[in-house]
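Quick note, in the working numbering, the sequence shown goes up one by one and the last residue is 1461.
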Amino acid sequence: MAKVIVGGKRTAEEIARESDRQLRKSLTLQDLFFLSLGGIVGSGWLLGGVAAADVAGPASIISWIIGGSIVLFIALSFAEITGALPKSGSIVRYPHYAYGGYVGYIMGWAYLLGALTVPAVESEAILSYASTYVKGLFHTVNGVSVLTPVGILYGILLLVAFFLINWFGIRFFAKFNTVMTWIKFIIPIFTFAFLFFILNKSNFVSHGGFFPQGIGSVFYAIPTAGIVFSFLGFRQALNFGGEAKNPQRDIPIATILSIVVAIGLYTMLEIAFIGALKWPNGVNWSNLTTSSLGSAPYFVELQNAGIALFGAFAYFLLISAFVSPAGTGWIYSGSSARTLYGIAADGYYPMGLLKIHKKTKIPYVALITSTLLGMIFFLPFPSWYLFIGFISSSMVLTYLMGPVMLMTFRKYAPNLQRPFKLPYASIISPIGFIAGALIMYWSGISTLTMVFYTVLLGVPVFYFLYAPQKLGLSKKFAYTVGVVEFVITGFILVFNYLFVLYPASKEQTVTKTIAFLTGLALMAALWFTFTALTASKVSQKYKTLFTSSYWLFGMFFATEVVSYFGAFGMNTLIPFPWDTVLMIGVYLVIYFLALRAGHKTEDLEVAIEEAGKTNLVETENI
840 MAKVIVGGKR TAEEIARESD RQLRKSLTLQ DLFFLSLGGI VGSGWLLGGV AAADVAGPAS
900 IISWIIGGSI VLFIALSFAE ITGALPKSGS IVRYPHYAYG GYVGYIMGWA YLLGALTVPA
960 VESEAILSYA STYVKGLFHT VNGVSVLTPV GILYGILLLV AFFLINWFGI RFFAKFNTVM
1020 TWIKFIIPIF TFAFLFFILN KSNFVSHGGF FPQGIGSVFY AIPTAGIVFS FLGFRQALNF
1080 GGEAKNPQRD IPIATILSIV VAIGLYTMLE IAFIGALKWP NGVNWSNLTT SSLGSAPYFV
1140 ELQNAGIALF GAFAYFLLIS AFVSPAGTGW IYSGSSARTL YGIAADGYYP MGLLKIHKKT
1200 KIPYVALITS TLLGMIFFLP FPSWYLFIGF ISSSMVLTYL MGPVMLMTFR KYAPNLQRPF
1260 KLPYASIISP IGFIAGALIM YWSGISTLTM VFYTVLLGVP VFYFLYAPQK LGLSKKFAYT
1320 VGVVEFVITG FILVFNYLFV LYPASKEQTV TKTIAFLTGL ALMAALWFTF TALTASKVSQ
1380 KYKTLFTSSY WLFGMFFATE VVSYFGAFGM NTLIPFPWDT VLMIGVYLVI YFLALRAGHK
1440 TEDLEVAIEE AGKTNLVETE NI
């Protein structure tokens, strides 16, 4: 429970409740639907098609269907939770309700990593299409097109524009976004309709057949080619839940409908892209993104169609190349601000992030902070294609909480009013958890290691800011644990990147394997030992916060081991599909361990009480 004292007077949850009441409740069902659909239809439709085809060839069509269906399973869990407990910044607040401060912080930090980067990703997608007529935005480094310093400057200016759209308040933001999302939705429909006129059926079996890079590539494309990244935009209706007029009814409808519509749209676009390909010399499925198609795939196809109308529409497409990713960018700009707001509401970050602007009723300090932090991510990932795997896996990690939280809340809050109650939840929840975890696994050992270790690298902040004030730990102990965890985790992360995972590394496979497993064993010992040690230092009341995290660390390290030796790893001893079958069993065990770890936290009790009061007031007003 977030009882950080501010000025000796008010606790974090008291300030959060006051801030929640100040948020303007003005979002309609249409607004929420277009927020989620606008979050989904962004740069993914502009660049995801060529990225997916580059990985899986024509079989990428299946990748879009599987990826969207998996995300739908996860979203169904969140639809019930958010309908019952609508909160702004909801996704980072619910883990705190189900598991308490420790797991809640880890999940909040993991989600924040992904949320802060998306506006930068969408800016890069805009600049990628703009590079077809504005020179000097990109240059090639090690075969990858990355932003130049001038390109980074333009990207920063785009983030400032996203900030300003959010600054004018939720009503302006919602109406402006609805108009722009109509444009974002209509242009892709015209695009695949036009391309169907020049569809070449032979493309679906050329250059190696329908599965040119094997069946495993169908699954590898889901996290690494922008597929999951695109569909994860569904969460926008959830994150803006505290500003909805009728959240209990509208959020579930908006969430589910946006994914269903997007599955149909993206599948048709992929079919159209593959069917309309006119192969440049020397290009095959595996090098599409480095060809002339990589920067503006649909623009190039329409230009090469040989039909005047299509060529003219190609230039109109450049408008969408700005509107689509920009729309997703400004949505995520607001969403990342709500994420910071939600983490602060849980008591992890400074209470200043909870300040609401008196006139526009937005969390303005969080908005300013998230915009500034988002600019940093142009530096380590100055390319759309380099961003995607990292963002997808870090966000999927947090979405895995949905199915287990659903069952936890049903167990410990059975009387909570649920306008939408997921049927067959005991079956759908484990399917959603396992399928989501598999998306994470399929992203490959390099991405997994970067994601897991970067997530753990942020945990010391919990010891610096939260543990001494909330849990009664001595500053000496908390700071020592935080520093040791940060130094060792950072060292192993850098070591793995330079000497094990980096493609140019010349070490033998045996040497890499020994180094990787040694580092992994050290990481497991470090995190399990320090977590258990911390649990022994706190009062009995807070021990559960730490013992309820063991399943999460177990998932991290078990996934790392199998991934390294699996089909998507460095030393494949377990080929596809047997590695995936093995992980299904592992994740099923972890799912039930996660269910056992969930408990009725004090914050969940408060949230249940608040929800009851809200429902009572709404009933009296009818």
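Just so it is clear, CB atoms sit at the ideal spot from N, CA and C, and this is done for glycine as well.
What are the start and end residues of the alpha helix (DSSP H) that includes residue 996?
The residue labelled residue 996 in the question sits at position 157 within the sequence shown. Unbroken alpha helix (DSSP H) run through residue 996: 988-1006.
With DSSP as the reference, label residue 1099 as helix, strand or coil.
Here residue 1099 is taken as the residue at index 260 of the sequence shown, counted from 1. Looking at residue 1099 - three-state DSSP - the assignment turns out to be helix.
Taking 7 Å as the limit between beta carbons, can you name the residues of its chain near residue 955, skipping five residues before and five after?
What you label residue 955 is simply residue 116 of the sequence shown in a count that begins at 1. Cβ within range, chain order: 1175, 1209, 1212, 1213, 1216.
If distances are taken between C-alpha atoms only, which option among 1140, 1137, 1138, 1119 comes closest to residue 1130?
Taking the first residue of the sequence shown as 1, we reach residue 1130 at position 291. Selected option, being the one with the closest Cα: 1119.
Which same chain residues end up closer than 6 Å to residue 1303 when comparing Cβ atoms and leaving out the 5 residues on each side of it in sequence?
Along the sequence shown, read from residue 1 onward, the residue named residue 1303 stands at position 464. Here residue 1303 has 1321 as same chain residues with Cβ atoms under 6 Å from its own Cβ, once five neighbours each way along the sequence are excluded.
Helix, strand or coil: how does DSSP classify residue 1122 here?
Taking the first residue of the sequence shown as 1, we reach residue 1122 at position 283. In this structure, residue 1122 counts as coil in the three-state DSSP scheme.
For residue 1359, collect the residues of the same chain with a Cβ closer than 6 Å to its Cβ; drop the 5 residues on either side in sequence, then sort them by chain order.
By one-based count along the sequence shown, residue 1359 stands at place 520. Counting only Cβ-Cβ distances below 6 Å, and skipping sequence neighbours, we find 1399.
Which runs of the alpha helix (DSSP H), 4 residues or longer, sit entirely within the region 1164-1241?
The region 1164-1241 contains these whole alpha helix (DSSP H) runs: 1203-1215, 1223-1238.
Beta-ladder partner(s) of residue 985, from DSSP
On the sequence shown, position 146 is the one that residue 985 refers to. Its beta-bridge partners are 978.
Which value, in whole angstroms, describes the spacing of the CA atoms of residue 1186 and residue 961?
Position 347 of the sequence shown, counted from the start, is the residue given in the question as residue 1186. Position 122 of the sequence shown, counted from the start, is the residue given in the question as residue 961. If you take the alpha carbons of residue 1186 and residue 961, they lie about 30 Å apart.
Opposite residue 866 in the DSSP bridges: which residues?
Counted from its first residue, the sequence shown places residue 866 at position 27. According to DSSP, which records beta bridges pairwise, residue 866 is partnered with 1083.
By the DSSP assignment, the alpha helix (DSSP H) with residue 1288 in it spans what residues?
What you label residue 1288 is simply residue 449 of the sequence shown in a count that begins at 1. Taken as a continuous stretch (DSSP letters only), the alpha helix (DSSP H) holding residue 1288 covers 1284-1296.
C-alpha distance - residue 840 paired with residue 1111, whole-angstrom precision
The sequence position of residue 840 within the sequence shown is 1, counting from 1. The sequence position of residue 1111 within the sequence shown is 272, counting from 1. With a pLDDT of 41 at residue 840, under the threshold of 50, the modelled position of this residue cannot be trusted; read the value that follows with caution. Roughly 51 Å between the two C-alpha positions.
Please list, in chain order, all residues of the same chain as residue 1447 whose beta carbon is under 7 Å from its beta carbon, the five residues on each side excluded.
Here the question's residue 1447 lines up with position 608 in the sequence shown. Only residues of its own chain outside the window of five on either side were considered, and among them 1252, 1255 have a CB closer than 7 Å to the CB of residue 1447, listed in chain order.
Can you tell me whether residue 1357 is buried or exposed? The criterion is at least 16 other CB atoms within 10 Å of its CB, across all chains shown.
In the sequence shown, residue 1357 corresponds to position 518, counting from 1. Per the 10 Å Cβ criterion, exposed.
Under DSSP, the alpha helix (DSSP H) around residue 967 begins and ends at which residues?
Working through the sequence shown from its first residue, we reach residue 967 at position 128. Run containing residue 967: 940-969, per the alpha helix (DSSP H) assignment.
Near residue 1346, what residues of its chain come up, given a Cβ to Cβ distance below 7 Å and the 5 sequence neighbours on each side ignored?
Here residue 1346 refers to the residue found at position 507 of the sequence shown. Here residue 1346 has 1338 as same chain residues with Cβ atoms under 7 Å from its own Cβ, once five neighbours each way along the sequence are excluded.
Measuring CB atoms only, is the region 920-927 touching the region 1138-1151, in the sense that at least three cross pairs come out at less than 8 Å?
These segments do not touch.
Of the listed residues 1207, 1267, 1449, nearest to residue 908 (C-alpha basis):
Translated into the one-based positions of the sequence shown, residue 908 becomes position 69. Looking at the Cα atoms, 1267 is the closest of the given residues.
Collapsed DSSP secondary structure at residue 1078 in the structure displayed:
Taking the sequence shown and counting its residues from 1, one reaches residue 1078 at position 239. Reduced to three states, the DSSP call for residue 1078 is helix.
Same chain only: Cβ atoms within 8 Å of residue 1099, ignoring 5 sequence neighbours per side:
If you number the sequence shown from 1, residue 1099 lands on position 260. Here the set comprises 911.
Residue 996 versus 1315, 1165, 877, residue with shortest Cα-Cα distance:
Within the sequence shown, numbered from 1, the residue matching residue 996 stands at position 157. Selection 1315, 1165, 877 evaluated against residue 996 yields 1165 as nearest (Cα-Cα).
Looking only at its chain, what residues have a beta carbon closer than 6 Å to the beta carbon of residue 931, apart from the 5 residues adjacent to it on each side?
The residue you call residue 931 lines up with position 92 of the sequence shown. Taken in chain order, the residues that qualify are 947, 950, 1178, 1181, 1182.
For the region 963-981 against the region 1402-1416, do three or more pairs of beta-carbon atoms, one drawn from each stretch, fall closer than 8 Å, so that the two count as touching?
No, they do not touch.
What are the start and end residues of the alpha helix (DSSP H) that includes residue 1389?
Position 550 of the sequence shown, counted from the first residue, corresponds to residue 1389. Run containing residue 1389: 1389-1404, per the alpha helix (DSSP H) assignment.
Distance, residue 1038 Cα to residue 1143 Cα
Start at 1 with the first residue of the sequence shown, and residue 1143 comes out as number 304. Start at 1 with the first residue of the sequence shown, and residue 1038 comes out as number 199. In a straight line, the C-alpha of residue 1143 is about 13 Å away from that of residue 1038.
Relative to the C-alpha of residue 1123, which residue among 1316, 893, 1235, 1013 is closest?
The count along the sequence shown starts at 1 and reaches residue 1123 at position 284. Distances from the CA of residue 1123 to each of 1316, 893, 1235, 1013 were compared; the closest alpha carbon is that of 893.
For residue 1249, count the other beta carbons within 10 Å of its own beta carbon; 16 or more makes it buried, fewer makes it exposed. Which is it?
Position 410 of the sequence shown holds residue 1249. Buried, because 16 or more other Cβ atoms sit within 10 Å of the Cβ of residue 1249.
If you draw a straight line from the alpha carbon of residue 1195 to that of residue 1297, how long is it in whole angstroms?
Working through the sequence shown from its first residue, we reach residue 1195 at position 356. Working through the sequence shown from its first residue, we reach residue 1297 at position 458. Taking the straight line joining both Cα atoms gives about 26 Å.
By DSSP, does residue 1299 sit in helix, in strand, or in coil?
Counting from one through the sequence shown, the residue named residue 1299 turns up at place 460. Helix at residue 1299.
May I ask which residues mark the beginning and end of the alpha helix (DSSP H) holding residue 1379?
Residue 1379 sits at position 540 when you count from the first residue of the sequence shown. Note, residue 1379: alpha helix (DSSP H), 1379-1386.
Between residue 1235 and residue 1283, is the Cβ-Cβ spacing less than 7 Å?
Stepping through the sequence shown from its first residue, residue 1235 is reached at position 396. Stepping through the sequence shown from its first residue, residue 1283 is reached at position 444. Contact flag unset, no.
Could you tell me the distance, in whole angstroms, from the CA atom of residue 1263 to the CA atom of residue 1383?
For the purposes of this step, residue 1263 is identified with residue 424 of the sequence shown, where counting begins at 1. For the purposes of this step, residue 1383 is identified with residue 544 of the sequence shown, where counting begins at 1. In a straight line, the C-alpha of residue 1263 is about 29 Å away from that of residue 1383.
Hey, residue 1033 and residue 1141 are a contact pair by Cβ (cut 8 Å); roughly how many whole angstroms apart?
Counted from its first residue, the sequence shown places residue 1033 at position 194. Counted from its first residue, the sequence shown places residue 1141 at position 302. About 7 Å separates the two Cβ atoms, so the contact holds.
Contacts around residue 1450, its chain only, beta-carbon distance under 8 Å, and the 5 residues preceding and following it disregarded
Along the sequence shown, read from residue 1 onward, the residue named residue 1450 stands at position 611. Only 923, 924, 1255, 1256 meet the Cβ criterion.
Whole alpha helix (DSSP H) elements within the region 1021-1093, 4-residue minimum
As far as the region 1021-1093 is concerned, its whole alpha helix (DSSP H) runs of at least 4 residues are 1055-1063, 1066-1070, 1075-1078.
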